[in-house]
Amino acid sequence: MQIQTVLKVGAALCVAFFGIEAARTSLQGPKAVSAPAVQVQVLAQSPVQTPTNKAAFAFEGYQIRPLAQFAVRARVLGREDYRMDKEADLSPIDLALGWKQMADPAVYGPLNITQGGRWYRYSWKDQPPIALQEIIESSANMHMIPANAAVLQALKKAREGRFIQISGYLVEATNTQGWRWTSSLTRSDSGGGSCELVFVESALVE
Numbered sequence: 202m203q204i205q206t207v208l209k210v211g212a213a214l215c216v217a218f219f220g221i222e223a224a225r226t227s228l229q230g231p232k233a234v235s236a237p238a239v240q241v242q243v244l245a246q247s248p249v250q251t252p253t254n255k256a257a258f259a260f261e262g263y264q265i266r267p268l269a270q271f272a273v274r275a276r277v278l279g280r281e282d283y284r285m286d287k288e289a290d291l292s293p294i295d296l297a298l299g300w301k302q303m304a305d306p307a308v309y310g311p312l313n314i315t316q317g318g319r320w321y322r323y324s325w326k327d328q329p330p331i332a333l334q335e336i337i338e339s340s341a342n343m344h345m346i347p348a349n350a351a352v353l354q355a356l357k358k359a360r361e362g363r364f365i366q367i368s369g370y371l372v373e374a375t376n377t378q379g380w381r382w383t384s385s386l387t388r389s390d391s392g393g394g395s396c397e398l399v400f401v402e403s404a405l406v407e
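With our numbering, the residue at position 146 of the sequence shown is 347, and numbering never jumps.
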């Protein structure tokens with residue numbers, strides 16, 4: 202009788218334990234499952250511009266005066282080669298570049314982007330994909346002055362949609378006839394004189 206009593210008590214305790222555990226699990230809900238990692242597209246950041254004390258120097262018959270040190274990683278929105286205008290011997294290539302939102306194909310894709318006459322133009326149907334000031338501050342037409350033949354060849358590899366890394370200086374160029382070409386030093390301007398004139402010391406197309 203004592204053994205049977207012990208077995209009955211033990212069985213009752215087991216049933217009670219599993220009943221309590223089942224109730225606890227039910228109250229806790231299902232076991233948490235980690236969310237899959239979300240792949241985030243890293244877009245190009247704003248250009249980096251810093252002061253410089255680099256002295257002016259002669260280059261290809263021009264006097265080059267550095268105004269600021271400059272570096273950018275940006276999306277190529279367009280490229281225009283120049284051979285016939287008076288600046289072509291100094292700057293044979295213009296690149297229209299986009300960074301931040303203007304590096305996103307979903308933003309610049311709906312825009313009609315053209316280059317010509319040392320200008321970069323864009324238009325849209327109905328409404329712009331982002332605020333106009335954002336387009337102005339996140340893109341620019343830049344006149345490229347390649348420091349050497351290797352940089353020129355690198356710039357020639359630039360194609361619409363690719364990323365490019367550029368470093369060098371924003372400059373002012375002059376000649377002995379009084380001609381002057383001065384870079385913009387802000388990303389928030391537009392219209393005449395708003396383009397960057399970049400003396401490119403290194404360029405890499407990704």
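Glycine included, every Cβ here is placed at the ideal spot set by N, Cα and C.
Give me the Cα-Cα distance between residue i and residue j, rounded to the nearest whole angstrom.
i                 : j                 : result
alanine 359       : glutamine 378     : 33 Å
glycine 393       : tryptophan 320    : 9 Å
phenylalanine 271 : serine 368        : 6 Å
alanine 348       : methionine 285    : 20 Å
serine 395        : glutamate 402     : 22 Å
leucine 405       : proline 248       : 15 Å
valine 308        : glutamate 361     : 14 Å
serine 391        : serine 385        : 10 Å
glycine 318       : leucine 398       : 15 Å
aspartate 305     : valine 352        : 26 Å
tyrosine 323      : glutamine 334     : 13 Å
isoleucine 346    : isoleucine 336    : 24 Å
lysine 232        : lysine 301        : For lysine 232, the predicted model reports a pLDDT of 38, less than 50, meaning its position is unreliable; a value from the coordinates is still stated below. About 40 Å.
tyrosine 283      : glutamine 354     : 15 Å
alanine 154       : phenylalanine 258 : Any answer about residue 154 is impossible in this case: the structure gives the chain only from 202 up to 407.
Do you know whose CA, among the options, lies nearest residue i's CA?
i              : options                           : result
threonine 375  : Ser339, Val399 and Ile265         : Ile265
proline 329    : Gln316, Met343, Gly310 and Gly317 : Gly310
tyrosine 263   : Ala351, Glu397, Thr383 and Val277 : Thr383
arginine 274   : Gln250, Ala259, Leu268 and Lys287 : Gln250
alanine 245    : Pro267, Pro252, Gly299 and Lys255 : Gly299
methionine 303 : Val277, Tyr283, Asp327 and Lys326 : Val277
glycine 279    : Lys255, Lys326 and His344         : His344
alanine 350    : Phe258, Trp325, Pro252 and Phe400 : Phe400
leucine 371    : Pro267, Asn254, Lys255 and Ala256 : Pro267
Anyone know if the C-beta pair for residue i and residue j falls short of 8 Å?
i              : j              : result
arginine 388   : alanine 332    : no
leucine 296    : glutamate 261  : no
glutamate 338  : isoleucine 365 : no
glutamine 187  : glutamate 281  : The chain is shown from 202 up to 407; residue 187 falls before or after that span and cannot be answered.
glutamate 373  : arginine 381   : yes
isoleucine 314 : leucine 356    : no
From the DSSP secondary-structure annotation, give me the bridge partner or partners of residue i.
i             : result
threonine 375 : Gln264 and Arg381
glutamate 281 : Asp295
leucine 405   : Gln366
glutamate 397 : Met343
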